[in-house]
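Chains A and B are the protein sequences, given in the same order.
First residue of the first sequence? That's 8 in my numbering, and the numbers climb one at a time after it.
First residue of the second sequence? That's 8 in my numbering, and the numbers climb one at a time after it.
Just so it is clear, CB atoms sit at the ideal spot from N, CA and C, and this is done for glycine as well.
Accompanying notes for the structure given below.
Number of protein chains: 2
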Amino acid sequence: MTDINKQEKIARYAKAMGHPTRVAILQFLANQETCYFGDIHEELPIAKATVSQHLKELKEAGLIQGEIEAPKVKYCINRENWKLAQELFNEFFEQCSCKKGCCQ
Amino acid sequence: MTDINKQEKIARYAKAMGHPTRVAILQFLANQETCYFGDIHEELPIAKATVSQHLKELKEAGLIQGEIEAPKVKYCINRENWKLAQELFNEFFEQCSCKKGCCQ
DNA sequence: AATATTGTTCGCAAAATTACGAATAGTTTT
DNA sequence: AAAACTATTCGTAATTTTGCGAACAATATT
Numbered sequence: 008m009t010d011i012n013k014q015e016k017i018a019r020y021a022k023a024m025g026h027p028t029r030v031a032i033l034q035f036l037a038n039q040e041t042c043y044f045g046d047i048h049e050e051l052p053i054a055k056a057t058v059s060q061h062l063k064e065l066k067e068a069g070l071i072q073g074e075i076e077a078p079k080v081k082y083c084i085n086r087e088n089w090k091l092a093q094e095l096f097n098e099f100f101e102q103c104s105c106k107k108g109c110c111q
Numbered sequence: 008m009t010d011i012n013k014q015e016k017i018a019r020y021a022k023a024m025g026h027p028t029r030v031a032i033l034q035f036l037a038n039q040e041t042c043y044f045g046d047i048h049e050e051l052p053i054a055k056a057t058v059s060q061h062l063k064e065l066k067e068a069g070l071i072q073g074e075i076e077a078p079k080v081k082y083c084i085n086r087e088n089w090k091l092a093q094e095l096f097n098e099f100f101e102q103c104s105c106k107k108g109c110c111q
């Protein structure tokens, strides 16, 4: 992956994580095996339409995935991309020159 | 730090990192000891007013800091918050249930 | 078949983000 | 003191984000 490509991926993931509600959703999902839309909605003080929208964005960013289990919809973390995001952020934060002992 | 507080901090940092240009700026700064506004602007294909705006946001999020070294302005990573962000993101990504071996 | 349940999509409004040129402010150099 | 240099702030326009209620779609239940 090129540097610029990595930057764009980081920005994409970061943007998806750039809202408290979405961080809360991710955290909730990360600590469940899987769960239904209703469970997520129950946790949050916002309208279901808004929850659905946040879920859509997280899904489009690739951090979560949903599958229909009629009549419910089951969401979970997208493990593959979660791992990728973790690696990208890790590498990103590690690269700081202050990690290399060259500054106070 | 409470869980919700952490979530908000993560969201705040993530939001700041949620734009390719800002990731590029952070990456550039992370690999310099320090540098001037002009150096950053030179790296980027956008107007200086826009660069300044992105820098302001990164500064307000706490990821960078700037100091006047007349007539220039010197920017650098805010090491303290960089470290905090690194720890928060690390903990966040680690918490996923898929890390704990309880799912495929 | 009618009704209920579960979520998504639509349509809208308010607010925030992004980007830029021009104007401005603060120093420094001439 | 004037001119030059560096970067921020202002004003504006276009786009995106956020949030909601209402309408809708799909399946399950009665």
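Interface criterion not met: the Cβ of B/Ala68 is under 8 Å from no Cβ in chain A. For B/Tyr20 against B/Leu70, the beta-carbon gap comes to about 7 Å, under 8 Å, which counts as contact.
Note that the segment 15-34 of chain A touches the segment 17-37 of chain B; at least 3 beta-carbon pairs, one per stretch, sit closer than 8 Å. Apart from sequence neighbours up to five positions away, the residues of its chain that approach A/Val58 with a beta-carbon distance below 7 Å are Ile47, His48, Leu51, ordered along the chain. By the beta-carbon neighbour count (other beta carbons within 10 angstroms, threshold 16), A/Lys16 is buried. Put simply, the segment 36-44 of chain A touches the segment 98-105 of chain B. At least three CB pairs are less than 8 Å apart. At least one CB atom of chain A sits nearer than 8 Å to the CB of B/His26. Taking 8 Å as the cut-off, the beta carbon of B/Lys81 is found closer than this to the beta carbon of B/Glu74.
Just so you know, the alpha carbons of B/Ala31 and B/Ala54 end up roughly 15 Å apart. Neighbours of B/Ala18 in chain A, taken as residues whose beta carbon is under 7 Å from its own, are Met24, Gly25, His26, Pro27, Val30 in chain order.
In the DSSP assignment, A/Lys13 falls within the unbroken alpha helix (DSSP H) covering 10-23.
Taking 8 Å as the threshold, the shortest C-beta distance from A/Ile84 to chain B falls below it.
Per DSSP, reduced to three states, the secondary structure at B/Ile71 is strand.
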